[in-house]
Amino acid sequence: MYGVRLDGLGKSIPNLDITNEYLATMVETSDEWIQTRTGIKSRRIAVEESTTSLAINAAKQALENSGLEPKDIELVIVATVSPDMAMPSTACVVAENLQIENAICFDLTAACSGFIYASEVATSFIKLGNYKNALVIGAEVLSKMVDWQDRGTCILFADGAGAAIYKRSDENNIIGFSNKSDGKGSQLIRLANIPHSNSFSKAEEVERHIQMDGQAVYKFATTAVPKNIIELLEKENYRLEDVDWFVLHQANARIIDSVAKRLKVSLDKFFMNVSEYGNTSAASIPIALYDAKHLFKKGDKIILSGFGAGLTWGSMLLIWG
Ligand code: UT7
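Residues 178 to 498, numbered by the working numbering, are exactly what the sequence shown covers, in order.
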């Protein structure tokens, strides 16, 4: 088995900044309600940008920061639930734009857990020796998937991309994963934005926007995530006290606060940027990692955790450096 390290991060966000105050002119809500219930103050919304262009820009930056050349990348995975096209995959178009010619490329759908799932796939392949270096991207334009009349969802979801490079290395810094799914919760967050009829069947009425049972998802996240973190640490023989930083999916500041309380860990160890960017699904963890990287010291143990539609959830333990 080979070692793997994370080396190279990138981030790309749309230019348009939409504040809570602005949203309050569109739906019946208020800055006070949104901040109190979610911690979100504003979010970035794609106008000129697309899922593909955000993914390309984040990937370009990650590649530059990794010191690798496009020819060194042998695997590209884009985690997304909002691709611009069903085919080709976003990953193939990213590779074309960055002149990555020696890689297999595909998209992966695991909603807000997508970056953690894709990281397990990529780092497992590297450990097995199948590929040397991988580019993993989380990219979303959820603003085109929400109903802008639905105040339960349009205040939460937003757009952006983050990217990471995983390299084969003598030293192993990717300690382990605990990824989970439970299809019993499949109806709690849904997005049916695909054609639903053909010449031989009647067109069904389909709700094309994101549908979410917010309270049920909240309960799931605040119970499943702390349990999952403990399970991962036990599996890898680490203690909660060994962890220097927690970078969770940025869905809601109250969820992060609740996870910290359940784990009895100081909230100071939990990085948060949800106030600026809202919930960018698969992009939120790599964007948060990018924004938090100045805080990390070599040797820091970091837990990353994602949770969302599927239901899916999962955590990853890595050592910085
Ligand atoms: O990426 C992973 C996927 N998603 C999540 O992690 C989301 C998890 N869930 C949540 O973050 C929270 O459930 C929400 C932020 C979505 C909602 O917060 P909540 O505290 O669970 O509110 P609620 O749905 O229980 O609604 C409370 C009240 C309701 O009014 P009544 O029935 O008490 O009169 C809602 O109609 O707040 C109302 N409401 C709003 N009011 C102002 C719902 N959305 C809004 C809004 N502005 N935007």
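Note that beta-carbon positions come from the ideal geometry of N, C-alpha and C, so glycine has one too.
| Close-in-space but distant-in-sequence residues of the same chain around residue 387 (CB under 6 Å, 5 per side omitted) | These residues qualify, in order along the chain: 322, 323, 330 and 368.
| query | Any idea which residues DSSP pairs residue 425 with across the strands? | reply | As DSSP reads the structure, residue 425 sits in a beta bridge with 482.
| query | Using a threshold of 6 Å, is the CB atom of residue 332 nearer than that to any non-hydrogen atom of the ligand UT7? | reply | Set against 6 Å, the gap from the CB of residue 332 to the closest heavy atom of the ligand UT7 is smaller.
| query | Which of helix, strand or coil does DSSP assign to residue 397? | reply | Residue 397: helix per DSSP, three-state reduction.
| residue 317, DSSP secondary structure in three states | Secondary structure of residue 317 (DSSP, three-state): strand.
| said: Can you look up residue 356 in the DSSP assignment and give me helix, strand or coil? | reply: Note: residue 356 maps to strand in three-state DSSP.
| Would residue 465 count as contacting chain B if we go by Cβ distances under 7 Å? | The chain labelled as chain B is not found in the depicted structure, where only one protein chain is given.
| query | In whole angstroms, what separates the C-alpha of residue 389 from that of residue 334? | reply | Annotation: residue 389 to residue 334 spans about 11 Å, alpha carbon to alpha carbon.
| Taking the C-alpha atoms as reference points, what is the distance between residue 210 and residue 427? | The straight-line gap from Cα to Cα measures roughly 18 Å.
| Taking residue 187 as the reference, which of 195, 344, 381 and 339 has the closest Cα? | Closest option to residue 187, Cα to Cα, is 339.
| query | Is it buried or exposed for residue 178, if we count other Cβ within 10 angstroms and need 16 for buried? | reply | Flag for residue 178 reads exposed.
| field | Beta carbon of residue 440 nearer than 7 Å to that of residue 183 | value | Not closer than 7 Å, so no.
| In the DSSP assignment, what residue or residues form a beta bridge with residue 490? | 357 and 484, per the DSSP bridge assignment.
| said: What does the Cβ neighbour count give for residue 303, buried or exposed, with the cut at 16 atoms within 10 Å? | reply: By the neighbour-count criterion, in which 16 or more other beta carbons inside 10 Å mark a residue as buried, residue 303 falls on the buried side.
| message | I'd like the span of the beta strand (DSSP E) that includes residue 302, first residue to last. | response | From DSSP, residue 302 is part of no beta strand (DSSP E) but of the alpha helix (DSSP H) over 291 to 305.
| said: Quick check: does the Cβ of residue 450 come within less than 6 Å of any heavy atom belonging to the ligand UT7? | reply: The nearest non-hydrogen atom of the ligand UT7 is 6 Å or more from the C-beta of residue 450.
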